[in-house]
Structure formats: C-alpha cells, structure tokens
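**Q** Attaching a single structure in structure tokens format; questions to follow.
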Amino acid sequence: MVIKSAITPHKFLSINSMVRAIAALAVGIAYPRKKQELERRITDYEANLDNVMTWEEIKTSIRGKQ
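Everything in the sequence shown is counted per my numbering, starting at 1 for the first residue and increasing by one.
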C-alpha cells in the first residue's frame, strides 16, 4: 500500500507538473557540481595557455586514429 501511494500522482499536480518539478530538483542538485567542474576546467586552461590545439590539429589527430 505504501508503494502504491508513493507512485500515485498527487491529486493537485498533473503528471507534466510533477515531471517538471522533479527535473528542476535534479538540476538544482547537479548545478553546483557542474559549476565546480567548469571552474576547474577554466583554471586548468588558464594555467596551461600554451597547451592548446588548433581545430585543424584536432581534426588531423582524430583522422589519424581512424
């Protein structure tokens, strides 16, 4: 009975509204980790400005692995 009531849609929210609420919650949980990873990548990039590849170098590298 508990499981059934836990998965039964709330009588005041449509399924669409529930999905949107859950998605918003998931984004709120994931956002700090994504922001932290982005900041880490920016810091790494700024610390290694000489360690970059042009688009042409990237394409050549990828084609060489095929």
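We treat Cβ as the ideally placed atom computed from N, Cα and C, and that holds for glycine. Computed from a predicted model, the values in this text were never measured in an experiment.
1. Closer than 7 Å by C-beta to V27: which residues in its own chain qualify, once you throw out the five before and the five after it? Chain order, please.
2. Going straight from the alpha carbon of T54 to that of S61, what length do you get?
3. Would you kindly report the start and end of the unbroken alpha helix (DSSP H) that includes K35?
**A** The relevant details are as follows:
1. Once the five neighbours on either side are set aside, V27 has no close Cβ partner at all.
2. So the two alpha carbons sit approximately 11 Å from each other.
3. I15 to A47
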